[in-house]
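S.K.: So for the sequence shown, numbering that gives the first Met the number 0 puts the first residue at 0; every next one is plus one. Beta carbons are placed, not taken as given, at the ideal position from N, Cα and C, and that holds for glycine. What you are looking at is a predicted structure, and each value in this text was computed from that prediction instead of being measured.
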Amino acid sequence: MKYVYIDTMGCQMNKSDTERMLGMLLNFGYEETKSPQKADLLIVNTCSIRQLSEDKAFSAVGTWGKWKKEYKKNIKIGFCGCVAQQKAEEIFKRAPYVDFVLGTHKIYSLPEILERINNGEKVCECTETNKTEDITAKNYKINRVKGVNAWIPISEGCNNFCTYCIVPYTRGRERSRLPEIIIHEAKEALSSGYKEITLLGQNVDSYGKDFKDRNYRLADLLKELNGLSGKFRIRFVTSYPTDITDDLIKTALELDKVCEYFHIPMQSGNSEVLKAMNRRYDRETYSKIINKVRSMIPDVTITSDFIAGFPGETEEQFVDTLTAIDEFELDYCNVAAYSPREKTVAAKWTDKFVPENIKNERFQRLNKKIQENCLKSNKKYLNREMEVLIESFYEHKGKKINSGKTRNFKTVHIPCHEDLTGKFVNVKITDAKTWYLKGELKEK
Ligand code: SF4
Numbered sequence: 000m001k002y003v004y005i006d007t008m009g010c011q012m013n014k015s016d017t018e019r020m021l022g023m024l025l026n027f028g029y030e031e032t033k034s035p036q037k038a039d040l041l042i043v044n045t046c047s048i049r050q051l052s053e054d055k056a057f058s059a060v061g062t063w064g065k066w067k068k069e070y071k072k073n074i075k076i077g078f079c080g081c082v083a084q085q086k087a088e089e090i091f092k093r094a095p096y097v098d099f100v101l102g103t104h105k106i107y108s109l110p111e112i113l114e115r116i117n118n119g120e121k122v123c124e125c126t127e128t129n130k131t132e133d134i135t136a137k138n139y140k141i142n143r144v145k146g147v148n149a150w151i152p153i154s155e156g157c158n159n160f161c162t163y164c165i166v167p168y169t170r171g172r173e174r175s176r177l178p179e180i181i182i183h184e185a186k187e188a189l190s191s192g193y194k195e196i197t198l199l200g201q202n203v204d205s206y207g208k209d210f211k212d213r214n215y216r217l218a219d220l221l222k223e224l225n226g227l228s229g230k231f232r233i234r235f236v237t238s239y240p241t242d243i244t245d246d247l248i249k250t251a252l253e254l255d256k257v258c259e260y261f262h263i264p265m266q267s268g269n270s271e272v273l274k275a276m277n278r279r280y281d282r283e284t285y286s287k288i289i290n291k292v293r294s295m296i297p298d299v300t301i302t303s304d305f306i307a308g309f310p311g312e313t314e315e316q317f318v319d320t321l322t323a324i325d326e327f328e329l330d331y332c333n334v335a336a337y338s339p340r341e342k343t344v345a346a347k348w349t350d351k352f353v354p355e356n357i358k359n360e361r362f363q364r365l366n367k368k369i370q371e372n373c374l375k376s377n378k379k380y381l382n383r384e385m386e387v388l389i390e391s392f393y394e395h396k397g398k399k400i401n402s403g404k405t406r407n408f409k410t411v412h413i414p415c416h417e418d419l420t421g422k423f424v425n426v427k428i429t430d431a432k433t434w435y436l437k438g439e440l441k442e443k
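1. Once the 5 residues before and after F352 are set aside, which same chain residues still bring their CB inside 7 Å of it?
2. For V272, which of K67, I289, G308 and D246 has the nearest alpha-carbon?
3. Excluding five sequence neighbours on each side, which residues of the same chain lie with their C-beta closer than 6 Å to the C-beta of K342?
4. Using only alpha-carbon positions, find the residue among I301, R279, C164 and C46 that is nearest to A323.
5. Strictly by DSSP, which residues pair up with V257?
6. Residues bridged to W150 by DSSP?
7. Which whole runs of the alpha helix (DSSP H) in the stretch 252 to 333 are 4 residues long or more, in chain order?
8. Hey, how far is the Cα of G64 from the Cα of R278?
9. Throw me the rounded Cβ distance for the V82 and S47 pair, which I believe falls under 8 Å.
10. Please name the residue or residues paired with S391 in a DSSP beta bridge.
11. With hydrogens ignored, establish whether the beta-carbon of V82 is closer than 7 Å to any heavy atom of the ligand PLP.
12. In angstroms, rounded to a whole number, what distance separates the CA positions of T162 and Y239?
13. Just grab the DSSP bridge partners of D418 for me.
14. Could you give the distance in angstroms between the alpha-carbon of T429 and the alpha-carbon of V100?
15. For M23, count neighbouring C-beta atoms within 10 Å of its own C-beta (all shown protein chains included) and say buried if the count is 16 or more, exposed if not.
16. Hey, how far is the Cα of K71 from the Cα of S52?
17. Using alpha carbons as the reference points, say which of I243, L252, K427 and G171 lies closest to Y285.
18. Use the C-beta contact count for Q201: other C-beta atoms within 10 angstroms, 16 or more gives buried, fewer gives exposed.
19. Output the boundary residues of the alpha helix (DSSP H) element that contains K168.
20. Please look up how many angstroms separate the CB atoms of V426 and E417, rounded, as I've assumed it's under 8 Å.
21. Have a look at T17 and F27 and give me their C-alpha separation to the nearest angstrom.
22. By the three-class DSSP mapping on this structure, what secondary structure does T62 have?
23. List in chain order: all unbroken alpha helix (DSSP H) runs of 4+ residues lying wholly within the stretch 75 to 134.
24. Please name the residue or residues paired with R383 in a DSSP beta bridge.
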């Protein structure tokens with residue numbers, strides 16, 4: 000038996016790639032270990048969204064390289080993911096102990112790479128293919144993380160080229176995975192006991208635009224998935240604002256398994272900054288989209304992403320972001336201070352960079368605003384009865400707690416002695432905190 004350890008950084012797409020790589024490795028006699036010291040094969044699956052994450056990846060392989068030099072000569076080290084795709088051969092210069100570099104485009108070539116490195120070769124596979132075949136599973140089972148939710152990528156890459164974003168360079172152009180493969184993966188996940196399917200993509204709403212042989216979009220995929228038997232939930236992330244169609248909102252409303260939840264990144268509340276970011280909408284257009292989703296889907300939760308301190312952002316423009324969060328009643332937002340990424344357009348605007356201290360101060364103010372809004376949003380559900388899918392069971396300060404999510408993505412903590420993980424329960428909401436709701440069980 001050989002052991003593999005994978006350190007996964009970054010977004011859910013990377014986590015999904017790790018599940019796929021593990022699935023392939025199990026076919027080749029590897030077993031997953033959570034202990035890097037025990038592993039024969041060590042892989043870092045990297046993220047290039049922020050410099051910090053890239054530095055962490057090099058630090059991890061640096062430690063493994065030391066072990067290899069000093070006392071574990073036979074271990075193999077792999078450098079995968081977005082930083083690999085971006086830097087390719089350069090990785091070997093900075094980390095000569097790495098045995099293979101595998102980009103995001105061809106993760107399904109991992110078995111052949113293993114064979115080659117076991118024959119003593121150093122391999123770099125970072126070819127950009129942009130072909131649908133390369134994102135098609137090749138009969139390997141996916142080694143999903145245990146839980147109630149199964150992530151299923153429905154597309155890869157992005158065509159939008161927002162001026163701050165590295166994704167089009169690391170994940171390539173937008174390619175949709177074939178619906179038959181997605182349905183097959185969903186059926187497998189459901190028959191293994193998963194209770195929720197989350198469809199993943201950089202822009203899920205543009206799913207299918209690249210199909211040449213069929214007219215098939217996200218709404219069609221949702222309808223097919225909704226028709227699968229059994230009780231389960233369907234979610235989809237991330238939505239690009241202007242790609243959300245009326246048909247999609249209507250379909251999401253009508254299908255009983257599709258949850259009342261949209262993640263719609265706005266990035267800035269100011270139209271000039273949005274233009275500089277190369278986002279294809281202004282504040283007013285975003286407002287219209289949000290209002291439409293809210294008016295059509297009762298109790299919908301809308302979350303968003305924002306960047307603090309984009310190059311050239313003035314104090315007034317930043318305040319527009321704070322007011323947007325209030326005006327659009329965003330239920331939760333992820334925020335990040337701007338981090339320049341090599342190759343991107345905005346990274347060249349060094350003369351417009353916002354000083355670190357101002358960037359960080361805006362980041363703190365954004366976080367404070369989000370906390371206030373989260374609490375306000377949670378309070379709307381006090382005394383309501385809601386369905387919760389239990390995700391975990393744990394003990395806190397001597398009390399046993401079941402924790403899960405409502406259909407509209409609110410976390411609920413329910414005191415209860417019995418482990419109800421994987422069950423749908425009805426709960427009365429008794430208290431609202433900033434990050435979660437408290438509830439009591441109505442019936443099992
Ligand atoms: S839409 Fe913009 S931010 Fe999102 S992945 Fe594409 S380029 Fe990046």
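M.R.: The structure says:
1. P310
2. G308
3. Y168
4. I301 is the residue among I301, R279, C164 and C46 whose C-alpha sits nearest the C-alpha of A323.
5. Residue pairing by DSSP places V257 opposite I233 in a beta bridge.
6. As computed with DSSP, W150 is found in a beta bridge with T197.
7. 270 to 275, 282 to 295 and 314 to 326
8. Between the alpha carbons of G64 and R278 lies a distance of about 41 Å.
9. With a Cβ gap of about 5 Å, V82 and S47 count as contacting.
10. S402.
11. With respect to the ligand PLP, the structure shown offers nothing to examine, as its ligands consist of the ligand SF4.
12. 15 Å
13. For D418, which the question treats as bridged, DSSP gives no partner whatsoever.
14. 51 Å
15. With 16 or more Cβ atoms within 10 Å of its Cβ, M23 is classed as buried.
16. 26 Å
17. I243
18. Buried is the call here.
19. The sequence as given places Tyr at residue 168; Lys does not occur at that position. DSSP places Y168 inside the alpha helix (DSSP H), whose first and last residues are V166 to T169.
20. No, V426 and E417 are not in contact; Cβ-Cβ is about 14 Å, not under 8 Å.
21. Straight-line Cα distance between these residues: approximately 15 Å.
22. helix
23. 81 to 86, 89 to 93 and 109 to 117
24. BP columns for R383 are empty, so no partner.
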